[in-house]
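In our numbering, the protein residues as written are 2 to 117. Beta carbons: idealized from backbone N, C-alpha and C, even for Gly. In this text the structure is predicted, and so the values were computed from the model without any measurement. In what follows, a structure is listed as structure tokens, so that the remarks can point back to it.
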């Protein structure tokens with residue numbers, strides 16, 4: 002059974018930074034893609050950034066160079082460095098992992114709140 006562990010969400014002032022961490026534990030199959038999504042009440046979950054096991058990254062347009070996804074997906078861990086945070090970044094951030102069977106797994110989410 003795969004368990005997605007997320008860490009790092011907290012309260013921060015506008016312009017501040019946070020780093021989210023995610024690890025996928027217990028996978029019997031290799032994971033080739035990990036990423037972060039976010040969701041606010043009443044809205045659909047949206048992509049923030051993804052990273053493949055060979056190091057390719059993909060970002061949502063609203064990231065605008067403020068966020069960086071890094072880590073070793075082949076070792077089932079990924080991080081999201083978020084800089085220059087804005088109130089609009091307030092959301093629950095979810096980590097996602099996809100294994101070689103194209104089965105995807107989700108974490109429970111971690112709350113990021115950006116407010117003055």
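Which same chain residues end up closer than 6 Å to residue i when comparing Cβ atoms and leaving out the 5 residues on each side of it in sequence?
{"i": "residue 86", "result": "13, 17 and 115"}
{"i": "residue 84", "result": "18 and 67"}
When the Cα of residue i is compared with those of the options, which residue comes out closest?
{"i": "residue 5", "options": "101, 19 and 35", "result": "35"}
{"i": "residue 2", "options": "44, 73, 105 and 79", "result": "105"}
{"i": "residue 61", "options": "71, 45 and 38", "result": "38"}
{"i": "residue 156", "options": "113, 33, 110 and 42", "result": "In the structure as shown, the chain begins at 2 and stops at 117. Residue 156 is therefore absent and cannot be evaluated."}
{"i": "residue 135", "options": "70, 57, 110 and 25", "result": "Residue 135 cannot be examined here, being either before or after the span of the chain that is shown, 2 to 117."}
{"i": "residue 112", "options": "31, 42 and 30", "result": "42"}
{"i": "residue 103", "options": "24, 25, 26 and 30", "result": "30"}
{"i": "residue 91", "options": "26, 40 and 46", "result": "40"}
Return yes when the Cβ of residue j is within less than 8 Å of the Cβ of residue i, no when it is not.
{"i": "residue 72", "j": "residue 7", "result": "no"}
{"i": "residue 80", "j": "residue 21", "result": "yes"}
{"i": "residue 77", "j": "residue 28", "result": "yes"}
In chain order, what residues of the same chain have a beta carbon less than 7 Å from the beta carbon of residue i, not counting five sequence neighbours either side?
{"i": "residue 75", "result": "54"}
Is the closest heavy atom of the ligand MN to the C-beta of residue i under 7 Å?
{"i": "residue 46", "result": "For the ligand MN, the structure offers nothing, since it holds no ligand at all."}
If you pair each beta-carbon of the stretch 92-111 with each one of the stretch 52-68, do three or more pairs fall below 8 Å?
no
Ranges of the beta strand (DSSP E) found wholly within the stretch 42-112, counting only runs of at least 3:
Runs found: 47-53, 58-60, 68-71, 78-83, 92-100 and 105-107.
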